[in-house]
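Residues in the sequence shown are numbered consecutively from 100, following our numbering.
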Amino acid sequence: MSRGHMPTVVTAKGSEEQGGNRMYAPSRMQSARDLPGQLTMKRRADLEGLVEKDLKTELAEKERKHFREKLLDKPMDFEEERLRDLELLQQGGGGGMKLIPRAVDADDIDSEDDSDEDDDDDDDEEAALMAELEKIKQERAEEAARKAAEEAAAEEANKRAKVGAGNPLLDVAGAGAAGDATLKRKWYEDTVFRNQAKGEPKAQKRFINDTVRSDFHRKFLERYIK
Numbered sequence: 100m101s102r103g104h105m106p107t108v109v110t111a112k113g114s115e116e117q118g119g120n121r122m123y124a125p126s127r128m129q130s131a132r133d134l135p136g137q138l139t140m141k142r143r144a145d146l147e148g149l150v151e152k153d154l155k156t157e158l159a160e161k162e163r164k165h166f167r168e169k170l171l172d173k174p175m176d177f178e179e180e181r182l183r184d185l186e187l188l189q190q191g192g193g194g195g196m197k198l199i200p201r202a203v204d205a206d207d208i209d210s211e212d213d214s215d216e217d218d219d220d221d222d223d224e225e226a227a228l229m230a231e232l233e234k235i236k237q238e239r240a241e242e243a244a245r246k247a248a249e250e251a252a253a254e255e256a257n258k259r260a261k262v263g264a265g266n267p268l269l270d271v272a273g274a275g276a277a278g279d280a281t282l283k284r285k286w287y288e289d290t291v292f293r294n295q296a297k298g299e300p301k302a303q304k305r306f307i308n309d310t311v312r313s314d315f316h317r318k319f320l321e322r323y324i325k
């Protein structure tokens, strides 16, 4: 009698326990790219050729120099200042400037006086021209303002006249009594807009239990038979 239909004691598992009770170590495959490449710890190399700097002292020195320059309002080098002071002490008072008189001619003085008078005359003429120019500018500005006021008044009067002619209720003086006192018709009061139906008649749907006399059959005949 065959036992093919009976289950095994140890259920067959793919590639691990093939064949029921058969036990063996399965094969494994591993890619070379999955293996670790760096097996040692990388350490930082020794830094050669670097000079240690006292950053705190350097920063304090820069701050002192900055505040000195800010107080004196100019850059200052103490060594140059010391050397300059020593030179002044060695020179003593012999390094002063000497005043040399300059020969001046009397004709030069007269010519300078004449040039001063000419300059004064030129200044007076320029001042007169500027005053005349300002006067002309002021007159033109006043004329432009007057014309603008007249145009505004005329435009306002024209607007009031149009409003009074369009509305007979505002015609107090009776100027429009002799003329046409009818109001202007609106754009939607034309005949085209008047003679229109209020709405389309609604067709009543009726149910007839007869395919020959139904509405669908009648529409079909009107469309395709006639």
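Ideal placement from N, C-alpha and C gives every residue a C-beta, glycine not left out. This one's a predicted model, so the numbers in the text were calculated from it and none came from an experiment.
Check: Alpha carbon to alpha carbon, what distance is there between GLU162 and LEU171?; Outcome: 14 Å
Check: Closer than 6 Å: is that where the CB of ALA131 sits relative to any heavy atom of the ligand ADP?; Outcome: In the structure shown, the ligand ADP is absent, as is every other ligand, since no ligand is present at all.
Check: Hey, how far is the Cα of ALA302 from the Cα of ASP314?; Outcome: 11 Å
Check: Closer than 7 Å, CB to CB, is ASP184 near chain B or not?; Outcome: In summary, chain B is missing from the structure at hand, where a single protein chain is found.
Check: Would you mind reading off the limits of the alpha helix (DSSP H) that contains ALA314?; Outcome: Note that residue 314 corresponds to Asp in the displayed sequence, not to Ala. 314–323 is the extent of the alpha helix (DSSP H) around ASP314.
Check: Just the C-alpha distance for GLU288 and GLY263, rounded to the nearest angstrom, thanks.; Outcome: 23 Å
Check: Could you compute how far the alpha carbon of ASN257 sits from the alpha carbon of GLU241?; Outcome: 24 Å
Check: For the alpha helix (DSSP H) containing LEU154, name the first residue and the last one.; Outcome: 154–171
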